[in-house]
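There are 2 protein chains.
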Amino acid sequence: MADTLRGSAVFAQSGGPTAVLNSSLAGAVQEAARTDCIDKLLGAYNGILGVLREELFDLRKERAEDIENLKRTPAAALGSCRHKVKSAADIERITEVLRAHEVRFFFYAGGNDSMDTADRVARLAAEQGYELRVIGIPKTIDNDLAGTDHSPGYGSAVKFNAAQVMEAGRDTEALWTHDPCTVQEIMGRNAGWIAAGTGLARRVPEDAPHLIYVPEHPVSLEQVARDVGECLARFKRCFIAAAEGLKNQKGEYLAEAGGAFSQDDFGHRQLGGVAGRLREFIEREVGVKCRANQPGTAQRTAMHFASLTDVGEAAEVGAAAVRKAVKGQSGVMITLVREPGPVYRCSTGTAPLAEVAKGEKLLPQEYLNAEGNGITEAMKDYVKPLVRGEAPVNIGPDGLPLYVRLQKRFVPKKLAQWAPAPGKRK
Amino acid sequence: MADTLRGSAVFAQSGGPTAVLNSSLAGAVQEAARTDCIDKLLGAYNGILGVLREELFDLRKERAEDIENLKRTPAAALGSCRHKVKSAADIERITEVLRAHEVRFFFYAGGNDSMDTADRVARLAAEQGYELRVIGIPKTIDNDLAGTDHSPGYGSAVKFNAAQVMEAGRDTEALWTHDPCTVQEIMGRNAGWIAAGTGLARRVPEDAPHLIYVPEHPVSLEQVARDVGECLARFKRCFIAAAEGLKNQKGEYLAEAGGAFSQDDFGHRQLGGVAGRLREFIEREVGVKCRANQPGTAQRTAMHFASLTDVGEAAEVGAAAVRKAVKGQSGVMITLVREPGPVYRCSTGTAPLAEVAKGEKLLPQEYLNAEGNGITEAMKDYVKPLVRGEAPVNIGPDGLPLYVRLQKRFVPKKLAQWAPAPGKRK
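As given, the protein sequences belong to chains A and B, one line each in that order. Residue numbering for the first sequence follows our numbering, beginning at 60 and increasing consecutively. Residue numbering for the second sequence follows our numbering, beginning at 60 and increasing consecutively.
And the structure:
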């Protein structure tokens with residue numbers, strides 16, 4: 060019977076942190092405590108690198124209250140990475156490490172790339188005849204994972220970014236006689252889900268953001284100049300929410316970071332500077348002063364104003380991953396399934412890792428207006444339930460949030476040191 | 060008797076918005092409702108520009124609940140400006156407008172420049188023999204106003220920025236294998252009070268910010284390279300809080316925004332890009348990937364995570380301004396006076412506008428460590444009470460903050476249109 064498999068479990072967190080990635084870890088760890096199929100509960104230090112390097116620590120030695128408070132702690136308490144498992148030797152190494160520690164359950168939280176890694180690990184183990192249940196846990200602020208209604212991390216990113224757009228929008232509204240235009244740069248390399256989500260902040264036409272630009276709709280600088288001019292004529296000010304991955308009609312990024320470190324192991328180009336680029340253009344061509352806000356990494360870990368719905372769903376996908384693995388499932392990612400009807404209800408399902416890894420969910424056309432500079436009511440209906448509720452925050456006597464840090468008691472290594480394939484940057 | 064003066068009152072908000080500038084307005088309006096010396100209560104649309112242009116609206120026609128909710132609404136509900144009153148004609152115009160509307164009480168909330176404007180208005184009225192009571196209301200996130208222990212707006216700016224440093228710091232901590240270094244750019248042109256305040260986030264050495272750079276302590280790029288190298292050796296990651304106005308040993312800004320709009324009417328150069336500058340330098344010279352976060356204007360209006368202490372004090376200085384004006388004071392700014400002793404207590408006092416206008420309060424040496432790359436316990440003791448408490452936030456059914464907008468019912472103009480002196484940009 061499938062559910063008689065016993066062994067240890069490894070949890071790993073991968074890719075860009077979110078406000079709720081640790082909630083998924085907490086959900087999984089708390090669920091794992093309720094089953095007797097799982098012996099050791101191991102955390103991989105820095106994602107798949109922690110498996111490759113055999114840097115694993117004992118999650119059962121962490122304090123129960125710290126595990127609970129992971130639901131109020133942003134980023135990745137296990138450590139994350141952007142390492143791409145490429146070589147056959149690395150794949151061998153992973154199963155060797157999992158086998159050495161009698162790991163039968165491997166839980167990997169991340170985005171598309173991580174689901175690809177998880178899928179490779181699952182296939183390799185199957186090829187080797189080693190029974191290993193691999194479950195992906197969805198995580199990305201970008202909301203671009205295929206097979207799921209939405210991804211944990213997205214709702215909180217929207218909630219915080221929409222609040223920032225509201226607040227910086229009120230700043231522009233107050234100082235329009237001096238600074239009539241502001242561009243808020245929002246994460247989203249290929250998918251403009253977060254920038255589109257900030258459209259929630261626009262309850263009435265005069266509210267920011269007046270214009271939203273997303274990668275799914277190419278934008279020419281001529282259109283930007285025209286849109287900004289019309290907006291200034293109407294409201295005397297113009298607030299733009301711009302996804303970092305904006306492209307022109309030729310499919311070229313409007314802004315790309317240069318330098319030696321502008322690509323990661325996956326070949327993703329690091330973007331940044333779309334706000335600065337638009338600011339420079341608007342000042343020159345429209346002839347008004349423009350400000351550029353680029354909150355950067357702070358926008359994806361803003362636990363101090365996270366969505367309660369998102370935190371709860373993140374914990375639930377973590378718990379579901381453990382339940383489904385114990386019941387015999389493998390090679391799937393947990394998905395969020397929105398039930399039809401006017402009241403928001405969401406349950407968990409599964410999608411094959413390989414399909415998730417191959418797919419990329421972009422904003423559908425019906426969520427964008429015809430001009431490609433704003434969103435529709437359908438988009439608002441989609442995103443509204445995801446930002447609902449304020450996640451509780453533990454505040455210290457110094458008036459600042461209290462975020463936990465795990466103690467990370469590493470278990471002894473059983474294998475020789477990992478020798479990374481030559482030619483890697485790290 | 061001084062307290063028998065009767066007439067209308069004008070409130071104006073000036074300069075960069077803050078999270079709590081509207082709290083001061085609410086405090087003043089609510090206090091004014093309790094006195095019968097004040098006839099009409101007028102709001103000046105966009106600071107002193109609203110007086111010059113005779114764009115005044117009736118604050119008594121606003122809904123009482125909107126006035127109360129100003130304490131939960133960021134930016135400047137009256138509208139603000141950065142207009143410098145320079146010409147004798149403009150000064151004449153101001154008293155002409157105030158006289159036309161029988162204004163005897165003029166309340167002006169702002170920073171050093173606004174106190175200078177208020178002082179000029181007071182002196183001109185006195186020269187003209189027109190009895191006018193002018194009271195300044197302190198407002199600046201920069202905390203650089205002389206004569207007051209601290210300024211409303213500062214505590215909330217620190218609270219939000221410190222939380223961002225914590226959160227982006229956890230991001231860097233999670234992804235140190237890929238992005239080991241982050242620079243968070245924080246407002247502060249001449250004074251590094253906010254950047255220094257984010258040092259509160261560093262409860263233990265491994266917490267961000269590992270390095271804090273402020274304008275009060277010149278920094279060479281060589282020192283940055285050395286500091287970052289040491290920090291990476293110690294923690295494997297390095298998080299820097301950098302004030303936008305960093306200067307080198309020659310007194311030159313490390314980063315200055317270019318373009319046609321890089322100076323305001325007061326001759327202030329608009330800064331920005333210190334994070335990008337440091338990022339580029341660290342990647343090249345230290346040889347590690349570095350990220351740059353520049354939240355820009357969103358950092359000064361982050362009402363969703365404002366300091367309850369700050370909101371309360373802001374309302375109190377507004378109320379005190381009205382009380383002191385009614386009692387006969389003029390030509391002063393309300394100050395915050397911290398009582399000595401281990402328990403934080405703060406009352407209001409006054410300082411002459413002229414002295415405030417001339418002064419600029421920079422970080423004292425004892426608040427900075429010897430290396431000039433961090434803060435001392437004395438600084439923490441100073442700032443801790445100011446960020447305490449979480450200001451309540453009204454949240455809508457869409458999960459986002461509810462911020463009010465005033466109705467602004469303008470009163471009829473009584474004078475001919477203002478003719479600005481030639482040669483102005485606006």
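All C-beta atoms in this analysis are idealised placements derived from N, C-alpha and C, irrespective of residue type, glycine included.
Straight-line gap, residue i to residue j (C-alpha atoms, nearest Å)
{"i": "Gly288/A", "j": "Ile299/A", "result": "12 Å"}
{"i": "Lys467/A", "j": "Thr407/B", "result": "49 Å"}
{"i": "Arg244/A", "j": "Gln424/A", "result": "The amino acid occupying residue 244/A in the given sequence is Glu; Arg does not appear at that position. So the alpha carbons of these two residues sit roughly 22 Å apart."}
{"i": "Arg404/B", "j": "Glu372/B", "result": "11 Å"}
{"i": "Gln223/B", "j": "Ala361/A", "result": "7 Å"}
{"i": "Ala478/A", "j": "Leu191/A", "result": "24 Å"}
{"i": "Ile499/A", "j": "Asn220/B", "result": "Nothing about residue 499/A can be read from this structure; chain A reaches only from 60 to 485."}
{"i": "Glu90/A", "j": "Ala378/A", "result": "5 Å"}
{"i": "Gly335/A", "j": "Ile341/A", "result": "10 Å"}
{"i": "Ala61/B", "j": "Val263/B", "result": "Any reading at Ala61/B is ruled out, since the residue's pLDDT is 48, under 50, leaving its predicted position unreliable."}
{"i": "Ala486/B", "j": "Asp440/B", "result": "Outside the displayed span of chain B (60 to 485) sits residue 486/B, for which this structure offers no information."}
{"i": "Arg447/A", "j": "Val415/A", "result": "26 Å"}
Residue-chain proximity (residue i, chain A), Cβ-Cβ < 7 Å
{"i": "Ser139/B", "result": "yes"}
{"i": "Ala177/B", "result": "no"}
{"i": "Asp201/B", "result": "no"}
{"i": "Glu372/B", "result": "no"}
{"i": "Ala135/B", "result": "yes"}
{"i": "Phe364/B", "result": "yes"}
{"i": "Leu459/B", "result": "yes"}
{"i": "Val79/B", "result": "no"}
{"i": "Pro239/B", "result": "no"}
{"i": "Pro76/B", "result": "yes"}
{"i": "Arg105/B", "result": "Residue 105/B is actually Asn in this sequence, not Arg. Interface residue, yes."}
{"i": "Leu115/B", "result": "no"}
{"i": "Leu259/B", "result": "yes"}
Start-to-end residues for the alpha helix (DSSP H) that takes in residue i
{"i": "Ala92/A", "result": "Element bounds for Ala92/A: n/a, residue is neither H nor E."}
{"i": "Gly335/B", "result": "333 to 340"}
{"i": "Phe294/A", "result": "280 to 294"}
{"i": "Gly109/B", "result": "107 to 111"}
{"i": "Lys439/B", "result": "436 to 442"}
{"i": "Thr148/A", "result": "Correcting the residue type first, residue 148/A is Ala in the shown sequence and not Thr. Element bounds for Ala148/A: 147 to 159."}
Any C-beta of chain B under 7 Å from that of residue i
{"i": "Phe166/A", "result": "no"}
{"i": "Phe70/A", "result": "no"}
{"i": "Thr236/A", "result": "yes"}
{"i": "Thr360/A", "result": "yes"}
{"i": "Ala233/A", "result": "yes"}
{"i": "Leu270/A", "result": "no"}
{"i": "Gly170/A", "result": "no"}
Proximity winner among the options, relative to residue i (alpha-carbon distances)
{"i": "Leu259/B", "options": "Leu427/B, Arg179/B, Ala475/B", "result": "Leu427/B"}
{"i": "Glu449/B", "options": "Asp125/B, Arg131/B, Val88/B", "result": "Arg131/B"}
{"i": "Ile97/A", "options": "Lys295/A, Met362/A, Val347/A, Phe166/A", "result": "Phe166/A"}
{"i": "Asp457/A", "options": "Arg261/B, Gly75/B, Asp175/B, Arg152/B", "result": "Arg261/B"}
{"i": "Thr236/B", "options": "Arg158/B, Val347/B, Arg338/B", "result": "Val347/B"}
{"i": "Phe70/A", "options": "Thr77/A, Arg119/A, Thr207/A", "result": "Arg119/A"}
{"i": "Lys218/B", "options": "Pro460/A, Gln476/A, Met392/A", "result": "Pro460/A"}
{"i": "Val396/B", "options": "Thr409/B, Ile200/B, Asp238/B, Cys240/B", "result": "Thr409/B"}
{"i": "Pro239/B", "options": "Ala292/B, Ile271/B, Thr207/B", "result": "Ala292/B"}
{"i": "Leu101/A", "options": "Ser82/A, Thr77/A, Gln72/A", "result": "Gln72/A"}
{"i": "Gly212/B", "options": "Arg182/B, Ile253/B, Asp266/B, Asp175/B", "result": "Ile253/B"}
{"i": "Lys143/B", "options": "Tyr189/B, Ala177/B, Lys99/B", "result": "Ala177/B"}
{"i": "Gly106/B", "options": "Ile153/B, Asn249/B, Leu64/B", "result": "Ile153/B"}
Delimiting residues of the beta strand (DSSP E) encompassing residue i
{"i": "Phe165/B", "result": "162 to 169"}
{"i": "Arg192/B", "result": "192 to 197"}
{"i": "Glu244/B", "result": "240 to 245"}
{"i": "Asp117/A", "result": "115 to 117"}
{"i": "Ala213/A", "result": "Inspection of the sequence shows that residue 213/A is occupied by Tyr rather than by Ala. No beta strand (DSSP E) holds Tyr213/A; the alpha helix (DSSP H) holding it covers 213 to 233."}
{"i": "Asn202/B", "result": "First-last for Asn202/B: undefined, no H or E at that position."}
Near the ligand NAD: residue i beta-carbon under 6 Å from a heavy atom
{"i": "Gln243/A", "result": "With respect to the ligand NAD, the structure offers nothing, as it holds no ligand at all."}
Residues of the region 202 to 229 of chain A with a CB closer than 7 Å to any CB of chain B: list them in chain order, please. Lys218, Ala221, Ala222, Gln223, Met225, Glu226, Ala227, Arg229
Under 7 Å (Cβ pairs) to chain B, residues found in the region 448 to 480 of chain A: Gly448, Glu449, Ile454, Asp457, Gly458, Leu459, Pro460, Tyr462
Of all the residues that make up the region 335 to 360 of chain B, which are near chain A by a beta-carbon distance shorter than 9 Å? Gly335, Arg338, Glu339, Glu342, Arg343, Gly346, Val347, Lys348, Cys349, Arg350, Ala351, Asn352, Gln353, Pro354, Gly355, Thr356, Ala357, Gln358, Arg359, Thr360
Check distances from the C-beta atoms of the region 418 to 447 of chain B to those of chain A and list, in chain order, the residues that come in under 7 Å. Lys443, Val446, Arg447
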